[in-house]
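Let me begin by presenting the structure, written as structure tokens, before commenting on it.
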Amino acid sequence: MRSRAKAPGRDNGEESPMAKSNGTILALTAALLAGSVLTSGAFAAEGTATGDTSGKKIAFSNSYAGNSFRQVMIKSFEAAAAKAKADGKIAGSTVVSSNNSVTEQASQIQNLILQGYDAIIVLAGSDTALNGSIKEACDAGITVVAFASGVTEPCAYVVDYNLDSYAKAELDFIASKLGDKPANILEIRGMAGDGFDKRLNEGVNKALAAHPSYKKVGEVYGQWTGTVAQKEVSGVLPSLPQIDGVLTQGGDGYGAAQAFKAAGRKLPIIIMGNRQDELALWKKEHDATGYETFSLGATPSVSQVAFWVAQQILAGKQVPKFVEVPLLQINQPDLDAWLKTVPEGGVVNAEYPQDLVAKIIDANVAKAPLPMVPAPK
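As numbered in mature numbering (1 follows the signal peptide of the UniProt record, and there is no 0), residues -44 to -1, 1 to 333 make up the sequence shown, in order.
Here it is as structure tokens:
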């Protein structure tokens, strides 16, 4: 407790009028602050918000579930949601996937609105086509968090990667091996119309401008799937000159390598995308010939980041409209350690618990370096 202030010259313990006034102001201020904390859902500017979300339901609207990355992404969301429910942090969750149909996904979002979900995390099949449904959700008081595929409806929060940095890292690695000599580049994109694909492609074009001796001589859509990438690359290779580097988006590196091998071509520098088959191929080629590349990509568990961002918003945490997530990069010295963590046919992944996501949010607010993606244990 503060000691009472005395007026100059007083020694009888009587409190001065000024001290009384100051004390009253301090007491009123403290009471107002306490009241605001009690009524704000345990608002937390830093750290984990603890507002009561035990009665809240969070849904995941997914545009596509046809590859290993998306399947692990769904499982990662379900694991986080199950733990949150067991810990009394949510009441329930669900996952709905459309078959890469934005019309179906929009309809699914509208159904989630009617079902009374408090938050919807969205992996959108289009950065614009779902805006109407997303706006409907926001107007209904639902928190919408789009992730790994930006949307342009401003009411939505976005959890995503810096895709300019993604593209720059790929080309910078190729440049570290080839220098500034002329080089032919093949770009394997994701899925036509997808927001992630569009923005990463824009990042690639920006990054290529910094390497004027490099020429993009081909572009195909691999749909983040090895078999599709192999077919598409095989289809264009006969018409292409020597390829020195292959830019990828994840899940396409192994298929691209098989296409080059089947065509009897030398394996170029293929940027890998953190899939087990890609890492195993890289290790095999490195052990046999000294082949070097690196691997970069999103983690399927970015769905956990979106889940906890939604939960933290519901709990009263101040969250910026855009939350950047760190990419997971694997270099040659770390290859064996990461490869040991991935099941056959799987994807390199990392866990994002609630406290780590709160730190990621805080780093975004403070414009500070992002926490590192957890390394293999």
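Just so it is clear, CB atoms sit at the ideal spot from N, CA and C, and this is done for glycine as well.
Selected residue, minimal CA-CA separation from residue i, among the options
i: LEU295; options: LEU312, ASN320, SER251; result: SER251
i: LYS169; options: ALA148, GLY159, LYS240, ILE141; result: Checking the displayed sequence, the identity of residue 169 turns out to be Ser instead of Lys. Cα-wise, what sits closest to SER169 is ILE141.
i: GLY206; options: GLN64, LYS217, GLU92, GLY146; result: GLY146
i: ASN118; options: ALA38, GLY301, GLY253, VAL265; result: GLY253
i: TYR247; options: THR99, SER63, ILE130; result: ILE130
i: VAL114; options: GLU92, ASP83, GLY135; result: ASP83
i: ILE98; options: ALA15, ASP136, PRO224, THR245; result: ALA15
i: GLY182; options: SER105, PHE216, ASP8; result: PHE216
i: GLU143; options: CYS94, PHE33, LEU196; result: LEU196
i: PRO256; options: LEU291, ALA244, ASP116, LEU164; result: ASP116
i: GLY159; options: TYR122, PRO289, GLY149, LYS133; result: TYR122
i: SER89; options: PHE103, THR59, GLY106, SER105; result: THR59
i: GLY220; options: GLN198, LEU203, GLY229; result: GLN198
i: LYS171; options: PRO289, GLU109, ALA139; result: ALA139
i: GLY149; options: ALA93, TYR20, ALA96; result: TYR20
Beta-carbon separation (whole angstroms), residue i vs residue j, contact threshold 8 Å
i: GLN267; j: VAL275; result: Going by Cβ atoms, the distance from GLN267 to VAL275 rounds to 11 Å, so no, they are not a contact pair.
i: PHE278; j: TRP180; result: Actually they are not in contact, since the Cβ atoms of PHE278 and TRP180 sit about 23 Å apart, beyond 8 Å.
i: GLY151; j: ALA80; result: 6 Å
i: ALA35; j: SER49; result: About 11 Å separates the two Cβ atoms, so there is no contact after all.
i: ILE227; j: GLY209; result: 7 Å
N-terminal and C-terminal residue of the beta strand (DSSP E) that residue i is part of
i: ASN320; result: Where ASN320 is concerned, there is no enclosing beta strand (DSSP E), although the alpha helix (DSSP H) it sits in stretches over 310 to 322.
i: residue 334; result: Because residue 334 is not part of the residues shown, which for the chain are -44 to 333, the question remains open.
i: GLY48; result: 48 to 53
i: ARG155; result: Where ARG155 is concerned, there is no enclosing beta strand (DSSP E), although the alpha helix (DSSP H) it sits in stretches over 151 to 165.
i: LEU203; result: 201 to 203
Beta-bridge pairing of residue i - partner residues as DSSP gives them
i: ASN56; result: In the DSSP output, where bridge partners are listed per residue, ASN56 has none listed.
i: GLU175; result: GLU143
i: ASP116; result: GLU280
i: ALA102; result: VAL78, VAL114
i: MET328; result: In DSSP, MET328 forms no bridge with anything.
i: TYR170; result: ALA139
i: ARG221; result: According to DSSP, ARG221 bridges with nothing at all.
i: LEU237; result: In DSSP, LEU237 forms no bridge with anything.
i: ILE14; result: SER49, ALA75
i: VAL303; result: ARG231
i: ILE286; result: SER251
i: ILE226; result: VAL202
Residue span of the alpha helix (DSSP H) that contains residue i, given as start and end
i: TYR210; result: 209 to 218
i: ILE30; result: 24 to 42
i: ALA183; result: It should be noted that the sequence gives Thr, not Ala, for residue 183. Segment 182 to 192, the alpha helix (DSSP H) holding THR183.
i: VAL261; result: 258 to 270
i: ASN230; result: Counting along the chain, ASN230 falls outside any alpha helix (DSSP H), and DSSP gives it neither H nor E.
i: LYS91; result: 87 to 95
i: LEU196; result: LEU196 -> no alpha helix (DSSP H), and no H or E assigned at all.
i: ASP292; result: 291 to 295
Chain B contact for residue i (CB, 7 Å cutoff)
i: LYS137; result: In the structure shown, chain B does not exist; there is a single protein chain.
Quick check: the region 167 to 178 against the region 230 to 243, are at least 3 beta-carbon pairs closer than 8 Å? no
Exercise. Do three or more CB pairs link the region 189 to 199 to the region 126 to 135 at distances below 8 Å?
Worked result: no
Next on the checklist: For the structure I just gave you, are there three or more beta carbon pairs, one from the region 144 to 161 and one from the region 303 to 316, closer than 8 Å?
Outcome noted: no
Exercise. For the region 68 to 76 against the region 2 to 22, are there 3 or more C-beta pairs whose distance is under 8 Å?
Worked result: yes
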